[in-house]
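Quick notes on the structure that follows.
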Amino acid sequence: MTSATLPRVSVIGLGKLGAPLAAVLASRGFSVIGLDVSKTLVDALNAGKMPILEPQLNELIYAHKQRLSATMDPNEVVRNSDASFVIVPTPSDSTGFFSNRFVLQAMESLGKALRNKQGYHMVVITSTVMPGSTGGEIQAALEKASGRKVGPDLGLCYNPEFIALGSVVRDMLYPDSILIGESDAKAGDMLQTIYLQMCEKKPPVQRMNFVNAELTKISVNTYVTTKISYANMLADICDRLPGADVDAVTKALGADTRIGAKYLKGAMGYGGPCFPRDNVAFAALARKIGARADVAEATDRINNHQVDRLTGLVAKFSRAGTRIAVLGLSYKPQTPVVEESHSVKLAAKLADAGYVVAVHDPLAQDAALAVLGDKVVAASSLEGAVRDCDLLIVATAWPEYKTIEPLWCKRNNGQRLTILDLWRTLPVENFTDLADVIYLGFGR
Ligand SMILES: NC(=O)c1ccc[n+]([C@@H]2O[C@H](COP(=O)([O-])OP(=O)(O)OC[C@H]3O[C@@H](n4cnc5c(N)ncnc54)[C@H](O)[C@@H]3O)[C@@H](O)[C@H]2O)c1
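Counting from 1, position 137 in the sequence shown corresponds to residue 323 in our numbering; the numbering is continuous, with no gaps.
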């Protein structure tokens, strides 16, 4: 398809997911118009530089700026697009359910603008929503505001993204598969056409009704978190089992194709803006409809225990007053996001327990310090962090930490540095003469 025959696309919500989607679509030939309620983000996109730290994002925006613009006016967006992707926040409420209030606001503004437009338009809900939402209150709000019925004139799809912060652009270009919940074949066909043009390799497309797609989205994350908690449960067992090595066990488990190796590493708990809350929402949904969610609940309990487990481990070989450097604060490498980060929780817990904690992160230092306050100090540099501690904890597996110089670990006072390498990041053979390297789940 040429740019002239491709559907024109709009993206509602230019945040951590919406801005990369707009940029990726523009890079694949689509004419894209973005909408946000934040003037700062709209101006930033029009200026070609978003304040969102995501690899390749600003390079793509700059390279394809002739096909990319942003506005705060829903009428302009609807007039200049055939399909609108809605990627606004769906924050968790106190019961664990996702709130649709921002999605409903978006339906109201898109719907009103649709009253001024002739011809077909498709609305695509990309935000993570509770099963039952798209065909329920979201469709109702869109139909009420637009005065149209979902059908031949108005398409509606639920289409979540399966991305990880830090690799959003790559994950959008090379997804494992595309999930489409569709109101009807016309809407589903249009969305499939968009994806087959957008993705570098043509991924399999799973098409279904709304509720199946909504349940699949949270089930995927719930299943992945189950694997993570399973590996952490094994690490805890291996810690207490003389001669055991959790990496040997998970490597052999992962070689079984029924299980697979991804996300099967005994290390830290999962964090970030999606995994913890998707798992909680899945369990809350099951409880609400009278089903059981024992696996999701156990996964959550195991995850919530991980910081205590690590603190207990540290207490075995260090005492209050020990100088601890925590390296890595973001919930995963390549992102500044510290939401639900276990590294931050661990740093806080160690500080509360009386250790002297210094922290370091290539991107997330400021965000983490805003949470941790004066419980901890910021390390002057990576080298400074390593030189000025008695216990070094590699908590987030940033590739930068592979470059730690063994010389920085040398101590002159007869003491030895202890390294707790939670993700087995360091090339251990370089450190064994200079430091006591301790791994999790290695049957001490
Ligand atoms: N961030 C992730 O890793 C991730 C992954 C998968 C799914 N999701 C889901 O995607 C959705 C968005 O997440 P995010 O991380 O991009 O959020 P975000 O907070 O980074 O961005 C959301 C944007 O929507 C804008 N917005 C709010 N209401 C609006 C409205 N009525 N009209 C226009 N713009 C509006 C906000 O100003 C903000 O810029 C959520 O449902 C989230 O669960 C996020």
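Even for Gly, the Cβ is constructed at its ideal location relative to N, Cα and C.
Between residue i and residue j, how many whole angstroms is the CB-CB distance? I'm expecting something under 8 angstroms.
i, j, result
"A249", "S213", "7 angstroms"
"L549", "S516", "6 angstroms"
"G337", "D370", "7 angstroms"
"N489", "G455", "4 angstroms"
"A581", "K561", "In fact, because the Cβ distance is near 15 angstroms, the residues do not count as touching under 8 angstroms."
"V493", "Y449", "That pair is no contact at about 19 angstroms."
"V309", "V272", "7 angstroms"
"H546", "L496", "Rounded, the Cβ-Cβ distance is 17 angstroms, inconsistent with contact."
"V432", "A421", "4 angstroms"
"K372", "A331", "21 angstroms between Cβ atoms; not a contact."
Kindly examine ligand 1 and report whether one of its heavy atoms sits closer than 6 angstroms to the Cβ of residue i.
i, result
"L351", "yes"
"L211", "no"
"L300", "no"
"K202", "yes"
"G220", "no"
"A230", "no"
"L471", "no"
"P462", "no"
"Q291", "yes"
"T314", "yes"
"S224", "yes"
"L450", "no"
"G318", "no"
"T402", "no"
"T411", "no"
"G199", "yes"
"T436", "no"
"V274", "yes"
"L359", "no"
"F283", "no"
"F288", "yes"
"L227", "yes"
"P277", "no"
Between the Cα of residue i and the Cα atoms of the options, which residue gives the shortest distance?
i, options, result
"L131", "N266, L300, L239 and W609", "The structure shown has nothing for residue 131, since the chain only spans 187 to 630."
"D572", "G559, R602, D560 and D552", "Strictly speaking, residue 572 in this sequence is Val, with Asp absent from that position. Among G559, R602, D560 and D552, the Cα nearest to that of V572 is on R602."
"I366", "V391, E569 and T276", "V391"
"T485", "D425, H546, K474 and A417", "A417"
"E368", "Y344, P522, E569 and L227", "Y344"
"S224", "K535, A205 and K298", "A205"
"N616", "R597, T589 and N598", "T589"
"M419", "A299, G452 and A438", "G452"
"L211", "E586, K596, L351 and D357", "D357"
"S319", "F283, V435, R301 and I349", "F283"
"N599", "T436, P613 and L620", "L620"
"G457", "E525, S566 and M394", "E525"
"N244", "D259, D268, A208 and E262", "A208"
"L328", "K596, G476 and E294", "E294"
"L340", "I349, S313, D362 and G374", "G374"
"C424", "I364, W584 and L499", "L499"
"S405", "A421, V315, K388 and G321", "V315"
Looking only at its chain, what residues have a beta carbon closer than 8 angstroms to the beta carbon of residue i, apart from the 5 residues adjacent to it on each side?
i, result
"F216", "S189, L192, P193, R194, V195, R253, I380, Q383 and M384"
"E386", "L359 and Y360"
"C575", "R509, I510, A511, A544 and L603"
"L555", "V545, V562 and A564"
"M258", "L221, D222, V223, K225 and V228"
Looking only at its chain, what residues have a beta carbon closer than 7 angstroms to the beta carbon of residue i, apart from the 5 residues adjacent to it on each side?
i, result
"P237", "A230"
"N407", "C460, F461, D464 and N465"
"S285", "T276, P277 and D279"
"A479", "F468, A469, A472 and R473"
"Y625", "D607 and R610"
"G234", "I247, Y248 and K251"
"L439", "I445 and L450"
"P317", "V397, E400, L401 and L471"
"N302", "N261"
Note down, in chain order, each residue of its chain lying with its Cβ closer than 6 angstroms to the Cβ of residue i, except the 5 sequence neighbours on either side.
i, result
"L577", "S504, T508, I510 and T604"
"A482", "T408, N465, F468 and A469"
"F288", "V274 and P275"
"V354", "P206 and E240"
"T521", "L351 and G352"
"S529", "G514, L515, A581 and T582"
"I198", "L221, S270, V272 and A292"
"S415", "T485, I488 and N489"
"T281", "A470"
Which runs of the alpha helix (DSSP H) at least 4 residues long sit entirely within the segment 243-313? Give them in chain order. 243-249, 260-265 and 287-300
Could you give the uninterrupted runs of the alpha helix (DSSP H) lying entirely in the segment 424-492, keeping only those of 4 residues or more? 432-440 and 461-474
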